[in-house]
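A.B. asks: Structure in structure tokens, see below.
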Amino acid sequence: MSELRQQCLWEFVTEPTIAAQALAGEHKADVCVIGGGITGLSAAIHLLEQGKSVILLEAWKIGHGGSGRNVGLVNAGTWIRPDDVEATLGLQQGSRLNKVLGEAPAEVFAMIKRLGIDCQAQHKGTLHMAHNATGIADLEARHEQWRRRGADVELLTGAQCQEYCGTDKISAALLDRRAGTINPMGYTQGLAAAVARLGGKLFQQSSVEGLARDGDAWRVKTARGAVRADKVVISTGAYTEGDWSNLQKQFFRGYYYQVASRPLHGAAADKVLPHGQGSWDTRTVLSSIRRDDQGRLLLGSLGRVDNKPAWFVRSWADRIQSHYYPELGKVEWEMHWTGCIDFTPDHLMRLFEPAPGLVAVTGYNGRGNTTGTVIGRAFAEFLLKGEAGSLPIPFSPMKGVSAPSLRTAFYESGFSLYHAGQCLRVVL
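The structure is reproduced here in structure tokens:
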């Protein structure tokens, strides 16, 4: 049996585009971006293209957080149904957010093309797969609601569904042709390379230790230096650190993990998602399924496995694979990794303006590839023009989420118990 190592596939297959350099000394810029993920990099690119000077600070390295470690689905919309978005935010605001995020995949793929990013981009849609009758009803509702808004979605059933999914365990699937897949680390590294080409300065291993007003500007302090900037973007998401920011109280952390096989070849492997879509099922504790450009099978779910033994991870992956794709036989699992998600109770993001010239965001709820791209652009437009109408939703007051640590512990315990049940074949 081959070794199952703890390593992120996307980091393994992606060459870094930016040399690691920590901030040292005093610097000045029009805008300081805190966080080297998709949101911060997108904001930096749009600001630089409008002639602003930008310094970006990343606590670890580019793509270290959710931007480089996620499943790589380029999804349209939010986690919840579009009707629910409008019921929560009101018709006007909810309709605007649905429109912006419904068009977000197109913006991601346009950025990839415009900037020449090599990231295994496949604009072939995604499949949301119903695992039971309740799941079918959910997909029927999503299909009707998105079709009412003019979206290019189709509810697949019968033989067509089984052919697209590559399994007879799914009887209905929502094909969203707006969506697709990427190597998220490749996308993030490509955005970073674009920032550098445009003249932006990126500093890694530069954790922010303080943020304070400095006359009519802001002073962003790290261990070895500081940046004085007119405006600041905070885009650290679930990886927000330090007492200098109140953002940690605005969400609760959740975890997700992925397991990647060795490259698979042959007739049985060719039948798994044969049209190149990424997918996930309708289970409450979902399973995500996709393949990469080398033919690896990637399975994922909510929760963490960086604190669990290899036999547990392998048992879980075997269980999901043997249920959906038994024809593959025994699969060799190569690597696994865990990442963080910033969740909010209503599964909707929050935008903040704690002070003039300072903007922040949190609560992507697992939709960061698309949401981060469009929020980065929106933040840049807001800082350039000062018009809140450029934002997909208004700024929110910083009220905080009640008992975030307890919420994290509660969800993680539930996920772990469910996965243990899957390993023991008690549940699926």
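Take 1488 as the starting number for the sequence shown in the numbering used here and just add one per residue. All residues carry an ideal CB built from backbone N, CA and C; glycine is no exception. Note that the coordinates shown come from a computational prediction; the quantities given were computed from them, not determined experimentally.
Does the stretch 1623–1634 come close enough to the stretch 1732–1744 to have 3 or more Cβ pairs within less than 8 Å?
C.D. replies: Counting Cβ pairs under 8 Å, fewer than three are found: no touch.
A.B. asks: Would the stretch 1504–1514 count as touching the stretch 1690–1703 if we require 3 or more Cβ pairs under 8 Å?
C.D. replies: They touch, by the three-pair rule.
A.B. asks: Bridge partners for CYS1519 per DSSP, in chain order?
C.D. replies: Sequence index remark: in the sequence shown, residue 1519 carries index 32 (1-based). Per DSSP, ILE1542, VAL1719.
A.B. asks: Give the C-beta separation of ALA1747 and LEU1496 to the nearest angstrom, bearing in mind that I take them to be a contact with Cβ-Cβ under 8 Å.
C.D. replies: In the sequence shown, residue 1747 corresponds to position 260, counting from 1. In the sequence shown, residue 1496 corresponds to position 9, counting from 1. Contact flag correct, Cβ pair sits at about 5 Å.
A.B. asks: Can you list, in chain order, the stretches of the beta strand (DSSP E) that have 3 or more residues and sit fully within the stretch 1646–1715?
C.D. replies: DSSP runs (the beta strand (DSSP E)) wholly in the stretch 1646–1715: 1659–1663, 1688–1690, 1695–1701, 1704–1709.
A.B. asks: Between the C-alpha atoms of VAL1541 and LEU1588, what's the straight-line distance to the nearest angstrom?
C.D. replies: Walking along the sequence shown from the start, residue 1541 turns up at place 54. Walking along the sequence shown from the start, residue 1588 turns up at place 101. Taking the straight line joining both Cα atoms gives about 26 Å.
A.B. asks: Please name the residue, chosen from GLU1631, GLU1840, PHE1799, that lies closest to PHE1866 on a Cα-to-Cα basis.
C.D. replies: Your numbering for residue 1866 matches position 379 in the sequence shown. When only C-alpha atoms are compared, the closest one is GLU1840.
A.B. asks: By the three-class DSSP mapping on this structure, what secondary structure does HIS1762 have?
C.D. replies: On the sequence shown, residue 1762 is found 275 positions in, with the first residue counted as 1. In the structure shown, HIS1762 sits in coil (DSSP, three-state: anything other than H, G, I, E or B).
A.B. asks: Determine the contact status of GLY1555 and THR1675, defining contact as a CB-CB distance below 9 Å.
C.D. replies: For the purposes of this step, residue 1555 is identified with residue 68 of the sequence shown, where counting begins at 1. For the purposes of this step, residue 1675 is identified with residue 188 of the sequence shown, where counting begins at 1. For GLY1555 and THR1675, yes; Cβs fall inside 9 Å.
A.B. asks: Secondary structure at GLN1735, three-state DSSP: helix, strand or coil?
C.D. replies: As a working note, residue 1735 is residue 248 in the sequence shown. If DSSP states are grouped into helix, strand and coil, GLN1735 belongs with the helices.
A.B. asks: Pick helix, strand or coil for PHE1869, following the three-state DSSP scheme.
C.D. replies: Looking up residue 1869 in the sequence shown gives position 382. Helix at PHE1869.
A.B. asks: Alpha carbon to alpha carbon, how far is ALA1506 from TRP1705?
C.D. replies: Translated into the one-based positions of the sequence shown, residue 1506 becomes position 19. Translated into the one-based positions of the sequence shown, residue 1705 becomes position 218. Computed Cα separation, rounded: 27 Å.
A.B. asks: Thinking LEU1662 and VAL1682 are a contact (beta carbons under 8 Å), I'd like their distance in whole angstroms, please.
C.D. replies: Taking the sequence shown and counting its residues from 1, one reaches residue 1662 at position 175. Taking the sequence shown and counting its residues from 1, one reaches residue 1682 at position 195. That pair is no contact at about 34 Å.
A.B. asks: Taking SER1630 and SER1788 to be in contact with their CB atoms under 8 Å, please state how far apart those CB atoms are, rounded to whole angstroms.
C.D. replies: By one-based count along the sequence shown, residue 1630 stands at place 143. By one-based count along the sequence shown, residue 1788 stands at place 301. Ser is not the amino acid found at residue 1630; the sequence shown has His there. The pair is not a contact, with the Cβ atoms about 24 Å apart (cut-off 8 Å).
A.B. asks: Rounded to whole angstroms, how far is the Cβ of GLY1863 from the Cβ of LEU1528, which I believe are closer than 8 Å?
C.D. replies: Numbered from its first residue, the sequence shown carries residue 1863 at position 376. Numbered from its first residue, the sequence shown carries residue 1528 at position 41. With a Cβ gap of about 7 Å, GLY1863 and LEU1528 count as contacting.
A.B. asks: Check whether the Cβ atoms of ILE1776 and ILE1807 sit closer than 9 Å, and answer yes or no.
C.D. replies: Numbered from its first residue, the sequence shown carries residue 1776 at position 289. Numbered from its first residue, the sequence shown carries residue 1807 at position 320. A contact, by the Cβ cut-off of 9 Å.
A.B. asks: LEU1878 to PHE1869, Cα distance in whole Å?
C.D. replies: Here residue 1878 corresponds to residue number 391 of the sequence shown, with the count starting at 1. Here residue 1869 corresponds to residue number 382 of the sequence shown, with the count starting at 1. Looking at the two C-alpha atoms, the distance is approximately 7 Å.
A.B. asks: Name the residue from GLY1753, GLY1763, GLU1590 whose alpha carbon lies nearest to the alpha carbon of ILE1669.
C.D. replies: Numbered from its first residue, the sequence shown carries residue 1669 at position 182. ILE1669 has its Cα closest to that of GLY1763, out of GLY1753, GLY1763, GLU1590.
A.B. asks: If you draw a straight line from the alpha carbon of GLY1908 to that of PHE1902, how long is it in whole angstroms?
C.D. replies: As a working mapping, residue 1908 is identified with position 421 in the sequence shown. As a working mapping, residue 1902 is identified with position 415 in the sequence shown. In a straight line, the C-alpha of GLY1908 is about 10 Å away from that of PHE1902.
A.B. asks: Taking Cβ positions, are ALA1516 and ALA1716 nearer each other than 9 Å?
C.D. replies: Locating residue 1516 in the sequence shown gives position 29, counting from the first residue. Locating residue 1716 in the sequence shown gives position 229, counting from the first residue. Yes, Cβ-Cβ distance for ALA1516 and ALA1716 is below 9 Å.
A.B. asks: Is any beta-carbon of chain B found at less than 9 Å from that of PHE1739?
C.D. replies: Absent from the structure: chain B. Only one protein chain is present.
A.B. asks: When you compare only the Cα positions, how much space is there between ALA1643 and ARG1634?
C.D. replies: Residue mapping note: residue 1643 aligns to position 156 of the sequence shown, counting from 1. Residue mapping note: residue 1634 aligns to position 147 of the sequence shown, counting from 1. Per the sequence shown, residue 1643 should be read as Leu rather than Ala. Straight-line Cα distance between these residues: approximately 14 Å.
A.B. asks: When we look at the beta-carbon of ASN1794 and count the other beta-carbons within 10 Å, is it buried (16 or more) or exposed?
C.D. replies: What you label residue 1794 is simply residue 307 of the sequence shown in a count that begins at 1. Looking at its Cβ environment, which holds fewer than 16 other Cβ atoms inside 10 Å, ASN1794 is exposed.
A.B. asks: Could you name the residues of the same chain whose beta carbon sits closer than 7 Å to that of SER1900, not counting the 5 residues immediately before and after it, in chain order?
C.D. replies: Position 413 of the sequence shown, counted from the first residue, corresponds to residue 1900. The answer is none, since no qualifying residue turns up.
A.B. asks: Please report the straight-line C-alpha distance between GLY1697 and VAL1707, rounded to a whole angstrom.
C.D. replies: Here residue 1697 corresponds to residue number 210 of the sequence shown, with the count starting at 1. Here residue 1707 corresponds to residue number 220 of the sequence shown, with the count starting at 1. Approximately 6 Å between the Cα atoms of the pair.
A.B. asks: In terms of residue numbering, what span does the beta strand (DSSP E) encompassing LEU1784 cover?
C.D. replies: Translated into positions along the sequence shown, residue 1784 becomes position 297. Here the beta strand (DSSP E) through LEU1784 covers 1784–1789.
A.B. asks: In terms of residues, what are the limits of the alpha helix (DSSP H) holding PHE1799?
C.D. replies: What you label residue 1799 is simply residue 312 of the sequence shown in a count that begins at 1. Note, PHE1799: alpha helix (DSSP H), 1797–1811.
A.B. asks: Identify the residues that DSSP records as bridge partners of LEU1838: which are they?
C.D. replies: Translated into the one-based positions of the sequence shown, residue 1838 becomes position 351. DSSP, once it has assigned bridges, lists VAL1848 as partnering LEU1838.
A.B. asks: Going by DSSP, what residues sit across from LEU1614 in a beta bridge?
C.D. replies: Start at 1 with the first residue of the sequence shown, and residue 1614 comes out as number 127. Beta-bridge pairing links LEU1614 to LEU1662, SER1766.
A.B. asks: Alpha carbon to alpha carbon, how far is ARG1854 from ALA1617?
C.D. replies: For the purposes of this step, residue 1854 is taken as residue 367 along the sequence shown, with counting starting at 1. For the purposes of this step, residue 1617 is taken as residue 130 along the sequence shown, with counting starting at 1. Going from the Cα of ARG1854 to the Cα of ALA1617 covers about 20 Å.
A.B. asks: Roughly how many angstroms separate the alpha carbons of LEU1576 and LEU1534, rounded to a whole number?
C.D. replies: Looking up residue 1576 in the sequence shown gives position 89. Looking up residue 1534 in the sequence shown gives position 47. Distance between the alpha carbons of LEU1576 and LEU1534: 29 Å.
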